[in-house]
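Trainee:
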Amino acid sequence: MSFLHCAPLTEGLLEAVLVVDPASECIVAVNAAAVRLAGSEREAMVGSRIRDWLPEPQDVIYWDEWRAGIVQTLESQTSLRRADGTLLRVQRRLSPLQPEGDPPQVLVAMQELHAAEQHLETLLAELRAALESTSDGILVCDLDGHIRAFNRPFATLWELPEALLTQPDDAAVWGHLAACVPDAAGFQARLSELQRSPLREAHDLIPLRNGRLLERVSRPQLARGRPIGRVYVFRDITERAATEAKLRLAAQMFESSLDAIIVTDAARRIVAYNPAAQRLAGLGPGDAQGDPVDALLQSARHPDWAAERDAALAQQGYWEGELWLRRDSGPGVPLWTSWVLLRDDGGRVLNTVVFAKDLSEKIEAQRRIEQLAYTDPLTGLPNRLMLDERVGHAIRLAQRSGDGFALLFLDLDRFKSINDSLGHLFGDQVLVEVAARLQRCLRHTDTLARLGGDEFVIHLHAADQGAAEKAAQRMIAAVTQPVTIDEMPFTLSCSIGIAMYPQDGTSLDALIRCADTAMYQVKERGKGHYRFYQPQMSTELLARVQIDHALREGLRRGEFELHYQPRVTVRTGQIDGCEALIRWHRPGAGLVMPGTFIPIAEETGLIAALGAWVLDTAVAQAAAWAAEGRPLQVAVNVSALQFQQPHFVQDVAQALQRHGLPPRLLELELTESILIRDAEEALAKLRSLAALGVTLSLDDFGTGFSSLAYLKRFPLHRLKIDRTFIAAMPEDEADAAIVAAIVQMGHALAMEVVAEGVERAEQLHRLRSLGCDHCQGFWFARPMPAAALRTHLDGVPGAGTAG
Ligand code: C2E
Ligand code: CA
Ligand code: CA
760 MSFLHCAPLT
770 EGLLEAVLVV
780 DPASECIVAV
790 NAAAVRLAGS
800 EREAMVGSRI
810 RDWLPEPQDV
820 IYWDEWRAGI
830 VQTLESQTSL
840 RRADGTLLRV
850 QRRLSPLQPE
860 GDPPQVLVAM
870 QELHAAEQHL
880 ETLLAELRAA
890 LESTSDGILV
900 CDLDGHIRAF
910 NRPFATLWEL
920 PEALLTQPDD
930 AAVWGHLAAC
940 VPDAAGFQAR
950 LSELQRSPLR
960 EAHDLIPLRN
970 GRLLERVSRP
980 QLARGRPIGR
990 VYVFRDITER
1000 AATEAKLRLA
1010 AQMFESSLDA
1020 IIVTDAARRI
1030 VAYNPAAQRL
1040 AGLGPGDAQG
1050 DPVDALLQSA
1060 RHPDWAAERD
1070 AALAQQGYWE
1080 GELWLRRDSG
1090 PGVPLWTSWV
1100 LLRDDGGRVL
1110 NTVVFAKDLS
1120 EKIEAQRRIE
1130 QLAYTDPLTG
1140 LPNRLMLDER
1150 VGHAIRLAQR
1160 SGDGFALLFL
1170 DLDRFKSIND
1180 SLGHLFGDQV
1190 LVEVAARLQR
1200 CLRHTDTLAR
1210 LGGDEFVIHL
1220 HAADQGAAEK
1230 AAQRMIAAVT
1240 QPVTIDEMPF
1250 TLSCSIGIAM
1260 YPQDGTSLDA
1270 LIRCADTAMY
1280 QVKERGKGHY
1290 RFYQPQMSTE
1300 LLARVQIDHA
1310 LREGLRRGEF
1320 ELHYQPRVTV
1330 RTGQIDGCEA
1340 LIRWHRPGAG
1350 LVMPGTFIPI
1360 AEETGLIAAL
1370 GAWVLDTAVA
1380 QAAAWAAEGR
1390 PLQVAVNVSA
1400 LQFQQPHFVQ
1410 DVAQALQRHG
1420 LPPRLLELEL
1430 TESILIRDAE
1440 EALAKLRSLA
1450 ALGVTLSLDD
1460 FGTGFSSLAY
1470 LKRFPLHRLK
1480 IDRTFIAAMP
1490 EDEADAAIVA
1500 AIVQMGHALA
1510 MEVVAEGVER
1520 AEQLHRLRSL
1530 GCDHCQGFWF
1540 ARPMPAAALR
1550 THLDGVPGAG
1560 TAG
C-alpha cells in the first residue's frame, strides 16, 4: 500500500511527515504539517533532495548507510533548514516504508523540539524517581547558585522545614543550611568558592550542630562538556566516622604507644608488634612474625609461668606478671606484662594482646634506693641496717637448723691518730683499703659491714669457733700488710673481738655488745690480736671506763708516785742503776700497780701525758741524786704511743736540760712493738736519742717478734730478758738454753744483757755462769720510793756508784 493512498490520514497528522526515495534521495510526498514546518510549498518540496532540508552530517550520511544496508532507523535531534534558510531544531525519526511491490521508501517524521518536552517530562520523572530512591541527599544548583532541585533525603538530612519543600525559596534554604552548621561563615565561604570555580570537584566533611557528620561530594553538572550548574551529594557518615575514628585511634595507639604491644593469634604466635616492641626487643619490623611469643619471654622466679598464665587467661581472659624479655645481644629486659584474650561473638579465641612495660629503670631506681639505704657510702659495704637484716635472717635460719654462726667486731688500732695527724681524706682512703682487704678474706655468704668510724662487723655464716679464729687470723694478716697511700708507706693493725651465736647472745645487739667487749680486751692487752668473748668481760669493761676517768683525775691531783727498783752488776754485786716504776695512790683503793692501769692509759691515749710526767719526775730524781753526789742511772719505761709523739726526742732533751742531768744517767726502756711499727721513723728517733748520749734498752726481750735482723739495725745498748724466762730457771733447761742464747746474741751484737725478775740465789748463780751482765729482781730489792732507795743505798755496801 502506497503512502499516497493514505494521504488523507497523513494530512491530518500534527507531525510533519515526508516520504523519500532512498535511491534518489528525493522527496516523493509531504503532508501539510511538513509544508508548514518548512515554511515552503508542497510543489517546491516534492521532487527536491532531502539533504537540502536536513543538512546535518548525520542525516547526509544516513542515506549512504541506508543504501549500504547498515542502518534502517534513526531518531535524534537535528536541524531542519526552512525555506527562508533558517535552521529549526527538530526531533526527527527516519524509518523504512515497504509498500508491497513498490521499491522501498523512507518515512521522515519530524516535530519541532518543544513538542518533545512531553517526552522529556517522562524522562525527568524517571530521573526524579531514581534520585529519590537513593539515600544520599542531592541538591542541584545552576551556575548562579539558584536551586534547581533537591531530593527528599536531602531535606531529611538537613531537616528542612516542611514549608521550604513546597514553596521554593533559595535564600531560606541556604540560610537554613548555614544555621545547621557550627561554622556558618566557613560553610558559606566554601560554597561561594565552589561557585566561583564551576569545574571544581570537591569533597568535604561537614559536622552539623545536631552531632551528625555529613560528607559532601560536589561535582559540576555538565551539558555537552560545558558546566551548567553544580550537583551536591550529601551522605550521613556519622556511624562510619565513629568506627573509623576508633580504628584510627587504635592504630595510632598501637604505633605511638610507649608500651610494647604484641598481638598473637589463637596459638600465641606473633602476628603484629608495635615500634615500642621493636625497640625493646631489638627486632626489625617483621623479624618475629610467626614466632611463638613465649619464646621471647622467660621468668626468673616461676619456671612454669606460662601454665599459670594460660590458666588465668582461660578463666578470666586476663593475666599480668613480671617477665624477662630475652634479647639476642646483651642482658634481658625486665618487663611488667598484661595479657588480654580477644574472643569473637561465638566465644572463640581470636587473638592475645600482650602489653609490656619496661621495668629496667624502675628496678634500677629501686636498687639504687636500696643501695643508699643499705650501704655505707664511703666503702660501699653493707651498713648497720643491712647487717640487721642479714643477721636477722641468719638467726631465723639457725633457729631451724640448729647451726650457729660467729659475729666479729673489728677495730683498727691507732686509727684515730692517723685521722688526726694526716686528715680525714687520708683516713677515708685507709678505710676503703682496709674494707677491700677484709672483703678478700671472706666468703660470699659472709657479710662485712661498716658501722662507722673504723669499726667493722663481720657475720661469718655457719662458722664455728675454729672457722671464726681462722677468719680473724686471715683478717689481721691482711690488715697488717704494709699499705702505701699518697706515696706514704705505713703499717696498720687491728683488734678483733669474737662472739658466737647462740652461746654469747641471740640477737644482733647482744652479739655486737659481746664482740665489742672482747675487742676492747684485745686493745687492753696490746692490740693487733683477736679474742673470744668471755662473760666476765663486761664487768671488766665497766671498770675500765671508771679507771680511765679516775686516771685523768689522779694525774691532775698528783696521785702518782715513782718507785725505783735497783739493778745490780752481776760481776761486782754493785747497784749500777734503777728502774722507775709508776704507782698510783688511788683514793679508796690504796696503792695501785701499773699492770691494772697502764694498758687502759695506752688505750685511751692518756699514756702520753702520764709518760711525760714519769720522764720529768724520773729525770728530776736522778738529777737530785747526782746533785747529792750519789749519781745513779734511772731507767724509764717508754710506751709505744709516747715514743710516737713527734716531739718525743725533744721532750727527752728538754727534760735533761731542765734538770741539768748528764744524759748517761738516763736510760730509756723500749718495747719491741715500738721498733716494728714505722721502723724507719723509729730508727731515726733512736739514732737521735743515742746521739743525745742516752742509754737505750730493749725491754721484755723474748716475748715478741724478736728478730736478729732488726736488732742489728737499731742503736741499742741493752737487752732486758723477760722475767718469764728467768722464772723457770734454772730447773727448766729449755728456758735456760734460751737465756744462754740471748746472752750470747746480745754480746755478739755488742749489747749488755739484763735479767729481770731474779727472785732466787740459784737464778743469780745460773745467770752469772751464763755471762749475764746485770740482774734486777726481788732477790736484790723490791721497787721502793726514792727516799727508801736512798736509805737502801746507804745500807748496801759498795752500792751507790753508777756506770
Ligand atoms: P716491766 O718494765 O717489766 O717492769 C718490771 C716489773 O717486774 C715491775 O712490775 C716490777 O715490780 C716487777 N718485778 C721486779 N722484780 C721482780 C721479781 O723478782 N719478781 C716478780 N714477780 N716481779 C718483779 P710493776 O712495777 O708492777 O710494773 C709492771 C709493768 O708496768 C712494767 O713491766 C712496765 O711494763 C709497766 N710500767 C711500770 N711503770 C711504768 C711507767 O712509768 N711507764 C710505763 N710506760 N710503763 C710502766
Ligand atoms: Ca721495764
Ligand atoms: Ca720488763
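Numbering of the sequence shown is given in this note's numbering, commencing with residue 760 and proceeding in unit increments. C-beta: ideal position from N, C-alpha, C; glycine also. Everything numeric in this text was worked out from a predicted model, so none of it was measured.
(1) Closer than 7 Å to a non-hydrogen atom of ligand 1 - does that hold for the CB of residue 1352?
(2) When you compare only the Cα positions, how much space is there between residue 1417 and residue 1456?
(3) With DSSP as the reference, label residue 1551 as helix, strand or coil.
(4) Can you tell me where the alpha helix (DSSP H) with residue 1487 in it begins and where it stops?
(5) Going by alpha carbons, who is nearest to residue 1215 out of 1225, 1254 and 1188?
(6) For residue 1061, which residues in the same chain have their Cβ closer than 7 Å to its Cβ, ignoring the five residues on either side in sequence?
(7) I believe residue 1257 touches residue 1292 by the beta-carbon criterion, under 8 Å. Please report the beta-carbon distance rounded to the nearest angstrom.
(8) To the nearest angstrom, report how far apart residue 1230 and residue 1469 are at their CA atoms.
(9) Throw me the rounded Cβ distance for the residue 1337 and residue 1393 pair, which I believe falls under 8 Å.
(10) In whole angstroms, what is the alpha-carbon distance linking residue 1357 and residue 1211?
(11) To test your reading of the DSSP string, which unbroken beta strand (DSSP E) runs of 3 or more residues are found completely within the region 1023-1109?
(12) Between the C-alpha atoms of residue 1053 and residue 1148, what's the straight-line distance to the nearest angstrom?
(13) Report the residue ranges of all alpha helix (DSSP H) runs contained in full by the region 1376-1419; include only those spanning at least 4 residues, in chain order.
(14) Could you spell out where the beta strand (DSSP E) holding residue 855 opens and where it closes?
(15) Quick one: Cα of residue 843 to Cα of residue 960, how far?
(16) Taking the alpha-carbon positions, what's the residue 1423 to residue 1269 distance?
(17) In the DSSP assignment, what are the bridge partners of residue 834?
(18) Short of 7 Å in beta carbon distance, which residues of its chain neighbour residue 914, apart from the five on each side in sequence? Order them along the chain.
(19) Between the region 1137-1144 and the region 1154-1168, can you find at least three pairs of beta-carbon atoms closer than 8 Å?
(20) Which runs of the alpha helix (DSSP H) fall wholly inside the region 1215-1303 and span at least 4 residues, in chain order?
(21) In angstroms with no decimal places, state the Cα-to-Cα distance between residue 760 and residue 832.
(22) Please name the residue, chosen from 1480, 1056 and 1319, that lies closest to residue 1535 on a Cα-to-Cα basis.
(23) Roughly how many angstroms lie between the CA atoms of residue 1294 and residue 1259, to the nearest whole one?
(24) Please determine, among 1128, 1076, 1129 and 1093, the residue with the shortest C-alpha to C-alpha distance to residue 1587.
(25) Since residue 1322 is in the beta strand (DSSP E), which residue starts that stretch and which ends it?
(26) Suppose contacts are defined by Cβ-Cβ distances below 8 Å. Is residue 1135 in contact with residue 1199 by that definition?
(27) To the nearest angstrom, how far is the alpha carbon of residue 901 from that of residue 1008?
(28) DSSP state of residue 1145, grouped into three classes?
(29) Following a CB-centred definition, is residue 1339 positioned closer than 7 Å to any heavy atom of ligand 1?
(30) Tell me the residue span of the alpha helix (DSSP H) that contains residue 1331.
(31) With a cut-off of 8 Å on the beta carbons, I'd call residue 1532 and residue 1518 a contact; round off their distance for me.
(32) Opposite residue 801 in the DSSP bridges: which residues?
(33) Give the residues whose C-beta lies closer than 5 Å to at least one heavy atom of ligand 2, in chain order.
(34) Grab the span of the beta strand (DSSP E) containing residue 1432 for me, first residue to last.
(35) In the structure shown, what three-state DSSP assignment does residue 796 receive?
(36) Measuring CB to CB, does residue 1497 end up less than 8 Å from residue 1522?
Mentor: Looking at the coordinates:
(1) Mapped onto the sequence shown, residue 1352 falls at position 593. Result yes, Cβ under 7 Å from ligand 1.
(2) Your numbering for residue 1417 matches position 658 in the sequence shown. Your numbering for residue 1456 matches position 697 in the sequence shown. Taking the straight line joining both Cα atoms gives about 23 Å.
(3) Your numbering for residue 1551 matches position 792 in the sequence shown. It is helical.
(4) The sequence position of residue 1487 within the sequence shown is 728, counting from 1. Careful: residue 1487 lies outside any alpha helix (DSSP H) and carries neither H nor E.
(5) What you label residue 1215 is simply residue 456 of the sequence shown in a count that begins at 1. If we check each option's Cα against that of residue 1215, 1254 comes out closest.
(6) In the sequence shown, the residue the question calls residue 1061 occupies position 302. Cβ neighbours of residue 1061 beyond the five flanking positions: 1067.
(7) Walking along the sequence shown from the start, residue 1257 turns up at place 498. Walking along the sequence shown from the start, residue 1292 turns up at place 533. Correct: roughly 7 Å between the Cβ atoms.
(8) Counting from 1 along the sequence shown, the entry for residue 1230 is found at position 471. Counting from 1 along the sequence shown, the entry for residue 1469 is found at position 710. So the alpha carbons of these two residues sit roughly 29 Å apart.
(9) The residue you call residue 1337 lines up with position 578 of the sequence shown. The residue you call residue 1393 lines up with position 634 of the sequence shown. Sure, about 6 Å apart at Cβ, within 8 Å.
(10) Here residue 1357 corresponds to residue number 598 of the sequence shown, with the count starting at 1. Here residue 1211 corresponds to residue number 452 of the sequence shown, with the count starting at 1. Going from the Cα of residue 1357 to the Cα of residue 1211 covers about 28 Å.
(11) 1029-1032, 1077-1084 and 1092-1102
(12) Reading the sequence shown from its first residue, position 294 is the one you call residue 1053. Reading the sequence shown from its first residue, position 389 is the one you call residue 1148. For residue 1053 and residue 1148, the distance between alpha carbons rounds to 37 Å.
(13) 1399-1403 and 1407-1418
(14) Locating residue 855 in the sequence shown gives position 96, counting from the first residue. Note, residue 855: beta strand (DSSP E), 846-856.
(15) Numbered from its first residue, the sequence shown carries residue 843 at position 84. Numbered from its first residue, the sequence shown carries residue 960 at position 201. Looking at the two C-alpha atoms, the distance is approximately 45 Å.
(16) In the sequence shown, residue 1423 corresponds to position 664, counting from 1. In the sequence shown, residue 1269 corresponds to position 510, counting from 1. Those two C-alpha atoms are separated by around 54 Å.
(17) Locating residue 834 in the sequence shown gives position 75, counting from the first residue. According to DSSP, which records beta bridges pairwise, residue 834 is partnered with 852.
(18) On the sequence shown, position 155 is the one that residue 914 refers to. Cβ within range, chain order: 924.
(19) no
(20) 1224-1239 and 1267-1283
(21) Within the sequence shown, numbered from 1, the residue matching residue 760 stands at position 1. Within the sequence shown, numbered from 1, the residue matching residue 832 stands at position 73. Because the pLDDT of residue 760 is 42, which lies under 50, any placement of that residue in the model is unreliable, and the number read from its coordinates should be weighed accordingly. If I take the Cα positions, the gap works out to 20 Å.
(22) Along the sequence shown, read from residue 1 onward, the residue named residue 1535 stands at position 776. When each option's Cα is compared against that of residue 1535, the closest is 1480.
(23) The count along the sequence shown starts at 1 and reaches residue 1294 at position 535. The count along the sequence shown starts at 1 and reaches residue 1259 at position 500. C-alpha separation (whole angstroms): 12 Å.
(24) This structure cannot settle anything about residue 1587, because the visible part of the chain is limited to 760 through 1562.
(25) Walking along the sequence shown from the start, residue 1322 turns up at place 563. Taken as a continuous stretch (DSSP letters only), the beta strand (DSSP E) holding residue 1322 covers 1319-1328.
(26) Position 376 of the sequence shown holds residue 1135. Position 440 of the sequence shown holds residue 1199. In this structure, residue 1199 does not lie closer than 8 Å to residue 1135 by Cβ.
(27) Taking the sequence shown and counting its residues from 1, one reaches residue 901 at position 142. Taking the sequence shown and counting its residues from 1, one reaches residue 1008 at position 249. When rounded, the distance between both Cα atoms is 41 Å.
(28) Numbered from 1 along the sequence shown, position 386 holds the residue referred to as residue 1145. Three-state DSSP puts residue 1145 in a helix.
(29) Against the sequence shown, residue 1339 aligns to sequence position 580. Yes, the beta carbon of residue 1339 sits closer than 7 Å to at least one heavy atom of ligand 1.
(30) One-based indexing of the sequence shown puts residue 1331 at position 572. Taken as a continuous stretch (DSSP letters only), residue 1331 belongs to no alpha helix (DSSP H), as it is neither H nor E.
(31) Counting from one through the sequence shown, the residue named residue 1532 turns up at place 773. Counting from one through the sequence shown, the residue named residue 1518 turns up at place 759. Between residue 1518 and residue 1532 the Cβ distance is about 19 Å, and since that is not below 8 Å, they are no contact.
(32) Position 42 of the sequence shown, counted from the first residue, corresponds to residue 801. Residue 801 is not bridged to any residue.
(33) 1396, 1428 and 1458
(34) Translated into the one-based positions of the sequence shown, residue 1432 becomes position 673. Counting along the chain, residue 1432 falls outside any beta strand (DSSP E), though it belongs to the alpha helix (DSSP H) covering 1431-1435.
(35) As a position in the sequence shown, residue 796 is number 37, starting the count at 1. Here residue 796 sits in helix by DSSP.
(36) Residue 1497 sits at position 738 when you count from the first residue of the sequence shown. Residue 1522 sits at position 763 when you count from the first residue of the sequence shown. Cβ atoms of residue 1497 and residue 1522: not closer than 8 Å.
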